[in-house]
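Input: a single structure, listed below in structure tokens.
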Amino acid sequence: MPQQEPSSAPAEPRAASVEIRTAARAALIPTVRAVASDLAARADFDLDAISDLRMAVDEACATLVGLAEPGSSLRCTFDVHDERIDVAAQVLTGADATLPTDSFGWRVLQTLADQVAVETGAVDGGRPALTIRLHKLAGPAL
Amino acid sequence: MVDSHGSRHDTYRSGPEGSPSRPRRCARPSSVVRPHTEVIPLPGSAPAEPSRDDGAPDQDLLVDLGVAVSSPRAGLTVLTVRGEVDALTAPRLATALDELMSGPDDHRVALDLQGVTFLASSGLGVLIDTARRAARDDRTLVVVATARAVLRPLEVTGSAQLFTVVPDLTAIPGP
Amino acid sequence: MTADPEYAHLTPLLEEYSGLEPDDPRREELRDRLVTGYLPVAQHIARRFNHRGEPLDDLVQVATVGLINAIDRFDPGKGGEFFSFAVPTISGEVRRHFRDQSWSMRVPRRLKDMHVSINGAVSELSQTLGRSPKPSEIARHLDLPVNEVLEGLEAAEAYRSSSLDEMLSSEDGSATVGELVGDADAELDRVDYRESLRPLLAELAPRERTIVMLRFFGNRTQTQIASEVGISQMHVSRLLAQTLTRLRDRLDPGERAL
Numbered sequence: 001m002p003q004q005e006p007s008s009a010p011a012e013p014r015a016a017s018v019e020i021r022t023a024a025r026a027a028l029i030p031t032v033r034a035v036a037s038d039l040a041a042r043a044d045f046d047l048d049a050i051s052d053l054r055m056a057v058d059e060a061c062a063t064l065v066g067l068a069e070p071g072s073s074l075r076c077t078f079d080v081h082d083e084r085i086d087v088a089a090q091v092l093t094g095a096d097a098t099l100p101t102d103s104f105g106w107r108v109l110q111t112l113a114d115q116v117a118v119e120t121g122a123v124d125g126g127r128p129a130l131t132i133r134l135h136k137l138a139g140p141a142l
Numbered sequence: 001m002v003d004s005h006g007s008r009h010d011t012y013r014s015g016p017e018g019s020p021s022r023p024r025r026c027a028r029p030s031s032v033v034r035p036h037t038e039v040i041p042l043p044g045s046a047p048a049e050p051s052r053d054d055g056a057p058d059q060d061l062l063v064d065l066g067v068a069v070s071s072p073r074a075g076l077t078v079l080t081v082r083g084e085v086d087a088l089t090a091p092r093l094a095t096a097l098d099e100l101m102s103g104p105d106d107h108r109v110a111l112d113l114q115g116v117t118f119l120a121s122s123g124l125g126v127l128i129d130t131a132r133r134a135a136r137d138d139r140t141l142v143v144v145a146t147a148r149a150v151l152r153p154l155e156v157t158g159s160a161q162l163f164t165v166v167p168d169l170t171a172i173p174g175p
Numbered sequence: 001m002t003a004d005p006e007y008a009h010l011t012p013l014l015e016e017y018s019g020l021e022p023d024d025p026r027r028e029e030l031r032d033r034l035v036t037g038y039l040p041v042a043q044h045i046a047r048r049f050n051h052r053g054e055p056l057d058d059l060v061q062v063a064t065v066g067l068i069n070a071i072d073r074f075d076p077g078k079g080g081e082f083f084s085f086a087v088p089t090i091s092g093e094v095r096r097h098f099r100d101q102s103w104s105m106r107v108p109r110r111l112k113d114m115h116v117s118i119n120g121a122v123s124e125l126s127q128t129l130g131r132s133p134k135p136s137e138i139a140r141h142l143d144l145p146v147n148e149v150l151e152g153l154e155a156a157e158a159y160r161s162s163s164l165d166e167m168l169s170s171e172d173g174s175a176t177v178g179e180l181v182g183d184a185d186a187e188l189d190r191v192d193y194r195e196s197l198r199p200l201l202a203e204l205a206p207r208e209r210t211i212v213m214l215r216f217f218g219n220r221t222q223t224q225i226a227s228e229v230g231i232s233q234m235h236v237s238r239l240l241a242q243t244l245t246r247l248r249d250r251l252d253p254g255e256r257a258l
């Protein structure tokens, strides 16, 4: 049987997925945003888009780390698609944590990402968590 | 605090014939040292904002921002910044800029960001505050930047219009 | 080096060039003519930075990148002379190159070269594409494997965030980059002063003016000037010192008290 081209495979090719977990500390965010930048470069994003993603991931992580439970972790998942990277950044929070969406940083994040959303909900057996999901396209939308 | 505006500059002299002030080695390894440069003592190694990091100290990680003031020619004060300006380091930039903007107001002020490799919204916020303050005090604030890491955040957030952005210190317009 | 008459024929070309649409087929040819025409300026600036441990060929190459940027960015509509725009732009490019030299101790020659080519490719591609280029586009443009371009982009990032002085501190007795850069800065600041100096220079006696021009814009040493003007080096030194003090007083009278 001849080798099948990926494009003719029945299902959508599985996105490359990278997950990193760090202590929820500001000092570790440079590492996370460096990963984001590297993934975007290898996914052939244009240079502005690489820069935007790096900054968006930094912003999302900085916001979350500020709300994280002491001693908890920051979890970042990057799903690399053909022309897009989806990022989910998550921390465990106190019960009443809310994410300020009227801040300058949040507006910047909305500008940088092509799409951004916040999810609240319980994970790991009922512990409250905050997740920021963002999508970034490989270049300017045409 | 050192007087960062006091030193006169001999723009014409070149070479070793006049070297009253050799560059000083600075305490922090990643501050840029230039001739006639005074290094602002940075406030400790702890971030200025109360940290939620109650884990181990961050000594194992290199987080540093070089900030230095110089006056390359009469009436012009330059703050040279190197490194990554993010939530952790932005307070240092804020402190340095505050010092700078409290200086003699007949000095034009330039912010040399050519060595900045990352600029987060927290850093942008500091820059924007400074631009507003400069406008209020009727002072000229010039930003020197060429790297995408700085220009892109300024452009994408529409803040570039708050500053006069030039590619090089020599391109700073005269008084 | 008042080179203006020599370049007068290029001024209309500059105007034509800046009026062209980004995708105009004549752009490339016109730009080539402009770059060739103004090349002596880039070479002159490159030579001023010679003997700082960098091969002159490299400096000319870097200065030429600066020249191309200047040609691309110059807007005659805003008024002002091309030279007063181009000289700082070109010098800035060379100066950045010197700053970048600090990584030469860590980063292989190959990456350094690539950094220069990548910079050139990025500005050219941004022009033609109307957006920033992708690594693959840079690679195609330079006929390099994408991996190498990624490596080059990453290295460019890494060296900038490191300390200049720290990198050089291992070499005892050598000048720190801070000193080198400072020296270059001082030299470049002079370019800025040329405009404000012009009327003051006009007031000087011809011999004093010649000496100042040779020393600071002709980059001649005092000894060279001495033989050209036909006086002793000591005399040149004394005249220079007197003249400069006078000029300085005229330039910033308020600063003398310090």
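Residue numbers (UniProt numbering), protein chains in the order written: chain A, 1 to 142; chain B, 1 to 175; chain C, 1 to 258. Think of the CB as a built atom: it goes at the ideal place given N, C-alpha and C, for glycine as much as any other residue.
Neighbour flag for residue i against chain B, beta carbons, 9 angstroms
i: R207 (chain C); result: no
i: S232 (chain C); result: no
i: G92 (chain C); result: yes
i: P88 (chain C); result: yes
i: D102 (chain A); result: no
i: L95 (chain C); result: Note that residue 95 (chain C) is Arg in the sequence shown here, rather than Leu. Yes, its Cβ sits closer than 9 angstroms to a Cβ of chain B.
C-alpha distance - residue i paired with residue j, whole-angstrom precision
i: A120 (chain A); j: I85 (chain A); result: Here residue 120 (chain A) is Thr; the residue named in the question, Ala, does not match the sequence. Rounded to the nearest angstrom, the two C-alpha atoms are 21 angstroms apart.
i: F118 (chain B); j: L154 (chain B); result: 12 angstroms
i: L239 (chain C); j: T245 (chain C); result: 10 angstroms
i: L109 (chain A); j: A36 (chain A); result: 15 angstroms
i: I68 (chain C); j: V165 (chain B); result: 20 angstroms
i: K78 (chain C); j: R27 (chain C); result: 20 angstroms
i: E208 (chain C); j: I45 (chain C); result: 24 angstroms
i: T31 (chain A); j: D38 (chain A); result: 11 angstroms
i: A95 (chain A); j: V118 (chain A); result: 16 angstroms
i: R34 (chain B); j: V78 (chain B); result: For R34 (chain B), the pLDDT reaches just 31, beneath the cut-off of 50, and the residue's location in the model is therefore unreliable, although a value from the coordinates is still provided. Whole-angstrom Cα-Cα distance: 11 angstroms.
i: G66 (chain B); j: D105 (chain B); result: 24 angstroms
i: A122 (chain A); j: V91 (chain A); result: 11 angstroms
i: T22 (chain A); j: A68 (chain A); result: 12 angstroms
Contact under 9 angstroms by Cβ, residue i with residue j
i: L112 (chain A); j: T63 (chain A); result: no
i: S91 (chain C); j: T170 (chain B); result: yes
i: L20 (chain C); j: L34 (chain C); result: no
i: G152 (chain C); j: H97 (chain C); result: no
i: P133 (chain C); j: L47 (chain A); result: yes
i: S159 (chain B); j: G105 (chain A); result: no
i: A34 (chain A); j: L53 (chain A); result: no
i: R132 (chain B); j: L162 (chain B); result: yes
i: A96 (chain B); j: V144 (chain B); result: no
Residue(s) in a DSSP beta bridge with residue i
i: E59 (chain A); result: Looking at the DSSP assignment, E59 (chain A) forms no beta bridge with any residue, so it has no partner.
i: S232 (chain C); result: DSSP, once it has assigned bridges, lists no residue as partnering S232 (chain C).
i: K136 (chain A); result: A:I85
i: G115 (chain B); result: B:R82
i: G66 (chain B); result: B:R82
i: F78 (chain A); result: A:V18, A:V87
i: V165 (chain B); result: B:V143
i: V118 (chain A); result: A:I132
i: T11 (chain C); result: In DSSP, T11 (chain C) forms no bridge with anything.
Proximal residues to residue i (C-beta, below 7 angstroms), its chain only, five neighbours per side dropped
i: R31 (chain C); result: Y17, I71
i: P76 (chain C); result: L14, E15, S18
i: I29 (chain A); result: D58, C61, A62, V65
i: A56 (chain A); result: L109, L112, A113, L134, K136
i: H107 (chain B); result: H5, G75, L76, T77
CB contact check: residue i to chain C, cutoff 9 angstroms
i: A41 (chain A); result: yes
i: L112 (chain A); result: no
i: A49 (chain A); result: yes
i: L111 (chain B); result: no
i: F78 (chain A); result: no
i: S46 (chain A); result: The displayed chain sequence assigns Asp, not Ser, to residue 46 (chain A). So yes, D46 (chain A) belongs to the interface.
Chain A contact for residue i (CB, 9 angstroms cutoff)
i: G115 (chain B); result: no
i: S132 (chain C); result: yes
i: F118 (chain B); result: yes
i: D138 (chain B); result: no
i: E154 (chain C); result: yes
i: P91 (chain B); result: no
i: S136 (chain C); result: yes
Residues near residue i in its chain [Cβ-Cβ closer than 6 angstroms; skip 5 each side]
i: A89 (chain A); result: A60, C61, L64, C76, I132
i: E187 (chain C); result: Note that E187 (chain C) has pLDDT 41, beneath the 50 cutoff, so the model's placement of it is unreliable and the number below is only indicative. So the list is empty, once near-sequence residues are dropped.
i: L93 (chain B); result: V85, V126
Own chain residues within Cβ distance below 8 angstroms of residue i, not counting five before or after
i: S17 (chain A); result: T77, F78, D79, V80
i: F85 (chain C); result: A70, R73, F74
Any non-hydrogen atom of the ligand PLP within 8 angstroms of residue i CB
i: L76 (chain B); result: The ligand PLP is not among the ligands present in this structure, which contains no ligands whatsoever.
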